[in-house]
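**Q** Could you have a look at this structure, given as structure tokens, before my questions?
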Amino acid sequence: MPDERQAGAARGGCVEAPEQRRIVRTAIPGPRSTQLHKRRQASITDGFGVTLPVFVERAGGGIIVDVDGNHLIDLASGIAVTSVGAAAPAVVERVREQTERFTHTCFMVTEYDGFVEVAEALNRLTPGDHPKKTALFTTGAEAVENAVKIARTATRRPAVIVLDHAYHGRTLLTMTMTAKNVPYKDGFGPYAPEVYRAPFPYPYRWPGCSRHAAEQALDRLKDIVLSQVGADRVAAIVVEPIQGEGGFIVPPPGYLSGLQEFARAHGILLVADEIQTGFARTGDMFACGHEGIVPDLICTAKALGGGMPLSAVTGRAELMDAVPAGGLGGTYAGNPVACAAALGALETIEQENLVERARTIEALVMPRLRDLEKTSPVVGDVRGRGAMLALELVRPGTTDPAPDVAKDIAARCHADGVVVLVCGTYGNVIRMLPPLVIDDALLLDALSVLESSVREHVVTPGTC
Ligand code: PLZ
Numbered sequence: 146m147p148d149e150r151q152a153g154a155a156r157g158g159c160v161e162a163p164e165q166r167r168i169v170r171t172a173i174p175g176p177r178s179t180q181l182h183k184r185r186q187a188s189i190t191d192g193f194g195v196t197l198p199v200f201v202e203r204a205g206g207g208i209i210v211d212v213d214g215n216h217l218i219d220l221a222s223g224i225a226v227t228s229v230g231a232a233a234p235a236v237v238e239r240v241r242e243q244t245e246r247f248t249h250t251c252f253m254v255t256e257y258d259g260f261v262e263v264a265e266a267l268n269r270l271t272p273g274d275h276p277k278k279t280a281l282f283t284t285g286a287e288a289v290e291n292a293v294k295i296a297r298t299a300t301r302r303p304a305v306i307v308l309d310h311a312y313h314g315r316t317l318l319t320m321t322m323t324a325k326n327v328p329y330k331d332g333f334g335p336y337a338p339e340v341y342r343a344p345f346p347y348p349y350r351w352p353g354c355s356r357h358a359a360e361q362a363l364d365r366l367k368d369i370v371l372s373q374v375g376a377d378r379v380a381a382i383v384v385e386p387i388q389g390e391g392g393f394i395v396p397p398p399g400y401l402s403g404l405q406e407f408a409r410a411h412g413i414l415l416v417a418d419e420i421q422t423g424f425a426r427t428g429d430m431f432a433c434g435h436e437g438i439v440p441d442l443i444c445t446a447k448a449l450g451g452g453m454p455l456s457a458v459t460g461r462a463e464l465m466d467a468v469p470a471g472g473l474g475g476t477y478a479g480n481p482v483a484c485a486a487a488l489g490a491l492e493t494i495e496q497e498n499l500v501e502r503a504r505t506i507e508a509l510v511m512p513r514l515r516d517l518e519k520t521s522p523v524v525g526d527v528r529g530r531g532a533m534l535a536l537e538l539v540r541p542g543t544t545d546p547a548p549d550v551a552k553d554i555a556a557r558c559h560a561d562g563v564v565v566l567v568c569g570t571y572g573n574v575i576r577m578l579p580p581l582v583i584d585d586a587l588l589l590d591a592l593s594v595l596e597s598s599v600r601e602h603v604v605t606p607g608t609c
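Here the sequence shown is numbered in this note's numbering, starting from 146 and rising by one per residue.
Here you go:
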């Protein structure tokens, strides 16, 4: 057991919050992480990848402490999960209290109030003031699968429309709905039927003038629905209001409202996948809020559970009630400990005004990313909203994706103690998803590391 954890155990299980400062004591990964990683390789399937083979001892605020005593700045939040930090006091306290009372009953066997309270909170917080109901599940993919099941039952239609660059999960249906082949789909087919794909308006890569991207993407989608699939066969259009894994792609103004208008006109349900964007991340409680759209169903997960596995589908009450009793569920759906954590996370998001905090993060970071875009020929585009920000790396003077450059810059950040993630259909986007509670000083330190990693890359001969 690492010394610091022993000290924590000696204090009666009370682990000290990590010092909010970047400290690089060893090579990253250090010797203890390397040793543990060897054990992992011998015992765990190669099917799981890893961004940074560092083993974590504790985490909190904007810091991850590894087993070698390095303090890494967290710009990943475990992929947009720990928005309130990885050990937020309100989450820890409610989880502790709940686990002492009971860890599980199965909500389909006997009920508990945490499930009801989370559902009430989601009905209140999600866009629109119409009557809403909620179903809780465990993972994001499960929420998307269930949204499709609900949409099919409510409309009695089979087809689902998804978009280029979309990511919806790894289960059979959600993998089918996901756009990118390697690593998500390759070799895992045959895929689920009745899933059709339309273009997503990716401003940086839209052929011709990006000013027409919203309108042209909508025209293509309408054509696919009306002339290829048949509008009266389409149950739902599923959209990430800002695409996550696909590369932090923000659709141009007018696209989401155009989608909503078209869906309504044809009795098609609009399903927003806000699994990555939800709960203050983009500087609004939900990314749908930036364009004022009100989806029929909204899928949430990640930040909802404050680090515990919890997901939800929230939507118009009459749609949610279309499924007969017993049609939805799951042994662990809305587990009581996860619900307790969610109540702590939601309380923190609201009380600490993390929506505003995400906007402040954008105001601190975006101007510096824009400078980087102007001065570094490998940076083709910078984009995002709130605390969901990204750089797209290209071959200088072109828009050709440069995944090797993204990988090299991420590796330099990692070596200097900053955890960033790479994403994008072409693997060439570096994304930033800091916990919303990160200190300004830490955030700016991480940004300086990112800036020098980009600049150092450029001066290294022969790499691009
Ligand atoms: N919808 C928009 O971002 C999960 C994927 C990590 P689960 N994104 C992280 C990986 O490589 O497996 C995600 C998402 C959006 C759905 C999901 C799926 O959520 O909780 O991973 O099932």
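Every residue, glycine too, gets a C-beta built ideally from N, C-alpha and C.
1. If the criterion is Cβ atoms closer than 8 Å, does the pair Val582 and Asp561 meet it?
2. So who's on the other strand from Tyr341, going by DSSP bridges?
3. Using 8 Å as the cut-off, can you tell me whether the region 523 to 534 makes contact with the region 393 to 405, which would need three or more C-beta pairs spanning the two stretches below that distance?
4. Under the three-state reduction of DSSP, which class applies to Gly529: helix, strand or coil?
5. Pick out whichever of Met320, Tyr341 and Pro346 has its Cα sitting closest to the Cα of Gly334.
6. Keeping to the same chain, check which residues put their C-beta closer than 6 Å to that of Thr271; ignore five residues upstream and five downstream.
7. With a cut-off of 6 Å, give the chain-ordered residues whose Cβ is closer than this to any heavy atom of the ligand PLZ.
8. With burial defined as no fewer than 16 other Cβ atoms inside 10 Å of the residue's Cβ, what is the status of Ser228: buried or exposed?
9. What are the residues that DSSP puts in a beta bridge with His435?
10. Kindly confirm or deny that the region 545 to 562 and the region 586 to 601 touch, where touching means at least three C-beta pairs closer than 8 Å.
11. Enumerated in chain order, which unbroken segments of the beta strand (DSSP E) with a length of 3 residues or greater are wholly contained in the region 203 to 281?
12. Drop a sphere of 10 angstroms on the beta-carbon of Ala118, count the other beta-carbons inside from all chains shown, and report buried for 16 or more, exposed for fewer.
13. Would Tyr341 and Val374 qualify as a contact pair, given that the criterion is a beta-carbon distance under 8 Å?
14. By Cβ distance, which residues of its chain are closer than 6 Å to Lys294, with the 5 residues on each side in sequence left out?
15. Whole angstroms are fine: how far does the CA of Val468 sit from the CA of Ala410?
16. Strictly by DSSP, which residues pair up with Ala457?
17. Would Gln405 and Ile438 be called neighbours here (beta carbons separated by less than 8 Å)?
18. Using the beta-carbon count (16 or more within 10 Å), is Val482 buried or exposed?
19. Once DSSP output is grouped into helix, strand and coil, what is the label at Pro163?
20. Counting along the chain, where does the beta strand (DSSP E) carrying Leu401 start and finish?
21. Do you know how far the Cα of Asp418 is from the Cα of Pro313?
22. Would Ala362 and Leu414 qualify as a contact pair, given that the criterion is a beta-carbon distance under 8 Å?
23. Where does Ala503 sit, in a helix, a strand or coil, going by DSSP?
24. Take Arg292 and list the residues in its own chain whose beta-carbon comes closer than 6 Å to its own, dropping the five residues that flank it on each side.
25. Spatial neighbours of Leu455 within its chain, please: C-beta separation below 6 Å, excluding the five flanking residues on both sides.
26. Going by the DSSP bridge assignment, what does Pro546 pair with across the sheet?
27. Confirm the yes/no value for this check: CB of Gln496, any heavy atom of the ligand FAD, distance under 7 Å.
28. So, at 7 Å on beta carbons, what are the nonlocal neighbours of Pro303 in its own chain, with the 5 sequence-adjacent residues on each side left out?
29. Would you mind stating whether Ala551 and Leu566 have Cβ atoms separated by less than 8 Å?
30. So the alpha helix (DSSP H) Cys568 belongs to, where does it begin and stop?
31. Output the boundary residues of the beta strand (DSSP E) element that contains Asp418.
32. DSSP has Leu534 in a bridge; who is on the other side?
33. Tell me which residue opens and which closes the beta strand (DSSP E) that Val195 is part of.
34. According to the Cβ coordinates, are Thr570 and His357 closer than 8 Å?
**A** Concretely, from the data shown:
1. Taking the C-beta atoms as reference points, Asp561 is found no nearer than 8 Å to Val582.
2. Per DSSP, Ile306.
3. Contact between the region 523 to 534 and the region 393 to 405 is present: three or more C-beta pairs spanning the two stretches fall below 8 Å.
4. In this structure, Gly529 counts as strand in the three-state DSSP scheme.
5. When each option's Cα is compared against that of Gly334, the closest is Met320.
6. If you ignore the 5 residues before and after Thr271, its C-beta comes within less than 6 Å of the C-beta of Ile443 and Thr459, all in its own chain and listed in chain order.
7. Listed by chain position, these are Ile224, Thr284, Gly285, Ala286, Val289, Tyr312, His313, Gly314, Arg315, Glu385, Gly389, Glu390, Asp418, Ile420, Gln421 and Ala446.
8. Result: buried.
9. In DSSP, His435 forms no bridge with anything.
10. Result yes; three or more Cβ-Cβ pairs closer than 8 Å.
11. 208 to 211 and 216 to 219, all fully within the region 203 to 281.
12. Because the chain is modelled from 146 through 609, residue 118 falls outside the range shown and cannot be assessed.
13. It is a contact, given that the beta carbons lie within the stated cut-off.
14. For Lys294, same chain residues with a beta-carbon under 6 Å away, outside a window of 5 residues either side, do not exist.
15. Rounded to whole angstroms, the gap between the alpha carbons of Ala410 and Val468 is 23 Å.
16. Paired residues: Leu281 and Thr445.
17. Yes, the Cβ-Cβ distance between Gln405 and Ile438 is below 8 Å.
18. Residue burial is scored here from C-beta neighbours: Val482 has at least 16 other C-beta atoms within 10 angstroms and is therefore classed as buried.
19. Correct three-state label for Pro163: coil.
20. In this chain, Leu401 is not harboured by any beta strand (DSSP E); it is covered by the alpha helix (DSSP H) spanning Tyr400 to Ala410.
21. For the record, residue 313 in the displayed sequence is His; it is not Pro. Between the alpha carbons of His313 and Asp418 lies a distance of about 8 Å.
22. In this structure, Leu414 does not lie closer than 8 Å to Ala362 by Cβ.
23. Here Ala503 sits in helix by DSSP.
24. Reading off the sequence shown, one finds Ala at residue 292, where the question assumed Arg. Within the same chain, Ala292 has close Cβ partners Val416, Leu442, Cys444 and Val458.
25. Closer than 6 Å at the Cβ level, and outside the excluded window around Leu455, lie Leu449, Ala483 and Ala487.
26. DSSP output for Pro546 lists Val539 as bridge partner(s).
27. Only the ligand PLZ can be found as ligands here, which leaves the ligand FAD out of the picture.
28. Sequence-distant partners of Pro303 (beyond 5 residues in either direction) whose C-beta falls short of 7 Å from its own C-beta, in its chain, are Arg297, Glu339, Arg378 and Ala380.
29. Here Ala551 is not near Leu566, since their CB atoms are 8 Å or more apart.
30. That residue, Cys568, is in no alpha helix (DSSP H); its beta strand (DSSP E) goes Leu566 to Cys568.
31. Per DSSP, the unbroken beta strand (DSSP E) holding Asp418 starts and ends at Leu414 to Asp418.
32. DSSP output for Leu534 lists Gly529 and Met577 as bridge partner(s).
33. Unbroken run through Val195: none, as it is neither H nor E.
34. Taking 8 Å as the cut-off, the beta carbon of Thr570 is found no closer than this to the beta carbon of His357.
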